[in-house]
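Enquirer:
Residue numbers (this note's numbering): 1 to 1075.
(1) Leaving out the 5 sequence neighbours to the left and right, which residues in its chain are closer than 7 Å to residue 690 when beta-carbon positions are compared?
(2) Could you say which of 820, 675, 795 and 823 lies nearest to residue 846 if we only look at CA atoms?
(3) What's the C-alpha gap between residue 445 and residue 417?
(4) Quick one, which of 428, 118 and 239 has its alpha-carbon nearest residue 281's?
(5) Within a Cβ cutoff of 7 Å, which residues of the same chain sit near residue 580, ignoring the five residues on either side of it in sequence?
(6) Ignore the nearest five residues each way along the sequence and tell me which others in residue 259's own chain have a CB closer than 6 Å to its CB.
(7) Which value, in whole angstroms, describes the spacing of the CA atoms of residue 777 and residue 441?
(8) Inspect the beta-carbon positions of residue 291 and residue 373 and report whether they are closer than 7 Å.
(9) So, are the CB atoms of residue 772 and residue 789 less than 7 Å apart?
(10) Within a Cβ cutoff of 7 Å, which residues of the same chain sit near residue 116, ignoring the five residues on either side of it in sequence?
(11) Could you tell me the alpha carbon to alpha carbon distance between residue 1014 and residue 799, rounded to whole angstroms?
(12) Report the residue ranges of all alpha helix (DSSP H) runs contained in full by the region 2–69; include only those spanning at least 4 residues, in chain order.
(13) At which residue ranges does the region 490–540 contain complete beta strand (DSSP E) runs of 3 or more residues, listed in the order of the chain?
(14) To the nearest angstrom, how far is it from the Cα of residue 792 to the Cα of residue 1010?
(15) DSSP three-state label for residue 929, please.
(16) Check whether the region 390–410 touches the region 300–309, taking contact to mean three or more Cβ pairs, one atom from each stretch, closer than 8 Å.
(17) In angstroms, rounded to a whole number, what distance separates the CA positions of residue 175 and residue 257?
(18) Could you name the residues of the same chain whose beta carbon sits closer than 8 Å to that of residue 842, not counting the 5 residues immediately before and after it, in chain order?
(19) Could you tell me which of 403, 401 and 363 sits nearest to residue 388, measuring between CA atoms?
(20) Cα-Cα, which of 638, 647 and 623 is closest to residue 560?
(21) Any idea which residues DSSP pairs residue 824 with across the strands?
(22) Could you work out which residue in 430, 427, 404 and 393 is closest to residue 414 when comparing CA atoms only?
(23) Report the option in 848, 854 and 786 whose CA atom is closest to the CA atom of residue 821.
(24) In its own chain, which residues sit with a C-beta less than 6 Å from the C-beta of residue 347, not counting the 5 before and 5 after it?
(25) For residue 236 and residue 255, which I take to be in contact (beta-carbon distance under 8 Å), what is that distance rounded to the nearest angstrom?
(26) Spell out a yes or no on whether the region 330–338 and the region 417–426 are touching, meaning 3 or more CB-CB pairs, one atom from each, closer than 8 Å.
(27) Secondary structure at residue 311, three-state DSSP: helix, strand or coil?
(28) Taking contact to mean 3 or more Cβ pairs, one atom from each stretch, closer than 8 Å, check whether the region 7–14 and the region 37–52 are in contact.
(29) Tell me the start and end of each unbroken alpha helix (DSSP H) in the region 210–298 that is at least 4 residues and wholly inside, in chain order.
(30) Does the beta-carbon distance from residue 1107 to residue 220 come in below 7 Å?
(31) Taking all protein chains shown into account, do 16 or more other C-beta atoms lie within 10 angstroms of the C-beta of residue 870, making it buried, or fewer, making it exposed?
(32) Just the Cα atoms here: how many angstroms apart are residue 33 and residue 1046?
(33) Compute the Euclidean distance between the alpha carbons of residue 96 and residue 985, then round it to the nearest angstrom.
(34) Taking just the CA atoms, how far does residue 688 sit from residue 439?
(35) Starting from residue 95 and walking both ways along the alpha helix (DSSP H), at which residues does that stretch end?
(36) How close, in whole Å, do the beta carbons of residue 173 and residue 241 come, if the pair is a contact with beta carbons under 8 Å?
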């Protein structure tokens, strides 16, 4: 493979090796340089873009250079490429070459193999072809546990007249019967084609309506009706099989047995090999799979709740073909119009593959699936067969829920609708909890887009590529292992991150794995400085993907030992991805000789580790402090598989550490170490046992770090005692007047900035006010949704969803609807409020209510609303100490003053005009306290509009459990809005001065009009501009989005909205909505 170079000619000129037939295959990445007919090499594959660009519209391009060399040669200034593309800051290539993708080249290379000009090595294929499937004897031997001395076995006959999917589910029941009743001699009589699913799972198999049952004496007979499950079980899936176990056989399901197993015979495996080679014309790959994708999209029953449209599957097939794979549609009765026998295949029932059964066969289908690259299916027989294999599988659900129809399967990703909870029967909370913890799934709103994306992702996913699920990037080939850690640390909060007081801490995460602890800390406090250290190289890509945007990632081991190697626990299908152990080289060498450890991650067999002799960089706590310029560590987290003892025994910096939270391996040794070295420290055992978790608190640093003694179960979210808080900065009152700077409006791009897709909450005047949600892409509005309920006041992301709130306090999720967008109402605040802005604190959505000067929080998981009242109007009342307030900066409330409960009913509320005393309009949280923006610290006069009074008294304040800070962050603001935290600073819009401000005194130039809605993306600042209200010195009167670099705000771009739009409330980048 080469461009148009000397090698292209050599490929044809040099003779091939003895024994090879034909010309040497050669793929030429020609681009626009010259077309194929210029050369006399008919066996070469030319990838040409000739004629596609203006510079090569009339023939080949012979420019001398694209990348300028700076060597003084005239070629740097003459005959230079006219259409260069920067692929790196220091490198540019020709556009004609950049247009050619790696997939284009791969496809041309593989054409030689598919066409037969080249063949994969025969010895390699023969050596690998059966390594992926293990078959068993057709008649199983006696099961373990059976004893002749135990007496005469019980003969059991199970008659099963149900379809293929149900038959596969029965294998789970048979596994349980084998476990609970090893003395049972079981025969299963089933329909033809389903019978082969049971070989190896029972003692005998017969075919109903064919051969009679083989069992002579029958002690128990079961004619299984196979009823659907009408409830959700808390400790198992809720399928027909699980109901059968509980109600028919009166057995408790065992989680590890709630999985399907089919063992194809050697004959079934050979049939599958032969069909894929001969009919589909494909060869076995290095991964022991053929490049085919099986698809089953039409069920025999409940079609309206299962089937996919032909058009959707046609689109999926085209993407599969472009990815270099062959689509095979499983369609026994030829209902699908898509197979043509050339590009898209169908293993018809009349093929030799099925032995003239007139239907598919479970064992052959299992072999066919095991040898395929990917399976895509709906709730029907082939999907259940796929659950008994190791082949990556995408299960598509529309009207059924997988919890009721599919057992556990590590190889399967379930695509479920956004409202999948509504498909659960019985206690939906119980069902949703079990599904979330035990199934791998993704939700969708647009099925076609989601399915195409999932298929494309899996086809690229042959070496453990990363996939996103449950808020984390995990490895596809170790998904369940990674999710065990996600559940333990991120979801179950095993280190009690929720109880940590959150000043602006320095956190060192030792044994960071894929970033669960670091991300949990970051969610609690976006201003935390996090250093994540991980020793296992295989964990680094997922770690960087999860936390690289906000944390420093270091690949190293923290220990005081030298000359280290790794007892590596990570390989495809490993036991755990979080158990790698650092060892001295000499120790690991001894282990290799003694335990027979493999030195490569392949063929590890049943061992939990492999010997990784790659060099391991080691750091000490002191190294981390020095290299990162730290004088202290607030939180040191240790999850390092035994290295915690080296760290705790060896560090000389205990006086610089506030809290150690971690895992110990050996309780006796740990407690002895604490007694000897941590005499004055406070030990709290979070999880007891030989393998336990703990907190160690340094009492000497309590006063400075805020780590006071904490008890389990108490609420510490608002505790704020750290000196390392946000630096207070104040607006300079002597420089309040705006500076006149040139303002430019651009109707198109400047060329050096990229505006992402945006959601915009906008107001238009079209025969009265209209409240719109706009989707802008490529600087043009491409979709509009008119909201009939009120003005949309803010956007936020939580739990993988995009949320918005309207002025009446109703929360919605933003969802794509075809080519447009729509809102799905989730909940409405029981407290009448004028909602302003929307943010996320922990796992709650938070808004500011100006009507009652109230902070309102909503928990989507519990559907629970809460309210905090930093202060109240002079005539209002508060419900508890958090709700007390005098004027914002007066001191603590009087404990003797009477308090009255805050009524949630709408009927008793103050009017918005009377209740809105300070106009609280934006809120964020810095990890320690709330930060609020408001129009004034003093109540406005009764009956006076805000825009007529106190417009230049705006301020930014911090408020927490101990009340307001003594001084505000900023004062003298002309109507502040849109608080944000970015790059360790607090930012806001000073609306009536049409500018952006920062807590260190930085201010953008004024653009005129009214500024509200602030976001940051890729180093750029986006701010919404509205037509002026009563702004002083307006220099511009436009409604649109301003894009600028904070380092050079004078040079900016404004993308206007056309009439009749005149006001914007909030904006948010939404790359995920781009089609």
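Every residue, glycine too, gets a C-beta built ideally from N, C-alpha and C.
Expert: Reading from the atomic positions:
(1) Contacts found: 666 and 667.
(2) Among 820, 675, 795 and 823, the Cα nearest to that of residue 846 is on 795.
(3) In this structure, the straight-line span from the alpha carbon of residue 445 to that of residue 417 is close to 6 Å.
(4) When the alpha-carbon of residue 281 is set against those of 428, 118 and 239, the nearest one is in 118.
(5) So the qualifying residues of the chain are 535, 536, 566, 567, 568, 569, 570 and 641.
(6) Cβ neighbours of residue 259 beyond the five flanking positions: 407 and 408.
(7) Taking the straight line joining both Cα atoms gives about 29 Å.
(8) Pairing residue 291 with residue 373 gives a Cβ-Cβ distance under 7 Å.
(9) Contact flag unset, no.
(10) Answer for residue 116: no residue qualifies.
(11) Answer to the nearest angstrom: the Cα atoms are 22 Å apart.
(12) The qualifying runs are 6–13.
(13) Assignment of beta strand (DSSP E) within the region 490–540, counting only whole runs of 3 or more residues, yields 506–510 and 529–534 in chain order.
(14) As the crow flies, the alpha-carbon of residue 792 is around 17 Å from that of residue 1010.
(15) Reduced to three states, the DSSP call for residue 929 is coil.
(16) Touching, per the Cβ criterion.
(17) Rounded to the nearest whole angstrom, the CA to CA distance from residue 175 to residue 257 is 6 Å.
(18) Closer than 8 Å at the Cβ level, and outside the excluded window around residue 842, lie 498, 523, 524 and 717.
(19) The shortest C-alpha separation from residue 388 is found at 363.
(20) Ranking 638, 647 and 623 by Cα distance to residue 560 puts 647 first.
(21) Beta-bridge pairing links residue 824 to 813.
(22) For the options 430, 427, 404 and 393, the alpha carbon positioned closest to that of residue 414 is the one of 393.
(23) Each of 848, 854 and 786 was checked against the Cα of residue 821, and the nearest Cα belongs to 786.
(24) Cβ neighbours of residue 347 beyond the five flanking positions: 353.
(25) Indeed they touch by this definition, with Cβ atoms about 7 Å apart.
(26) With the cut-off at 8 Å, the region 330–338 and the region 417–426 do not touch.
(27) Here residue 311 sits in helix by DSSP.
(28) Under the three-pair Cβ rule at 8 Å, the region 7–14 counts as touching the region 37–52.
(29) Segments of the alpha helix (DSSP H) lying fully in the region 210–298: 240–247 and 266–278.
(30) Residue 1107 is absent from the model: the chain starts at 1 and stops at 1075.
(31) Label assigned to residue 870: buried.
(32) Cα-Cα distance, rounded: 42 Å.
(33) The straight-line gap separating the alpha-carbon atoms of residue 96 and residue 985 is approximately 44 Å.
(34) Rounded to the nearest angstrom, the two C-alpha atoms are 29 Å apart.
(35) From DSSP, the alpha helix (DSSP H) with residue 95 extends over 95–98.
(36) Their Cβ separation, rounded to whole angstroms, is 5 Å, which keeps residue 173 and residue 241 in contact under 8 Å.
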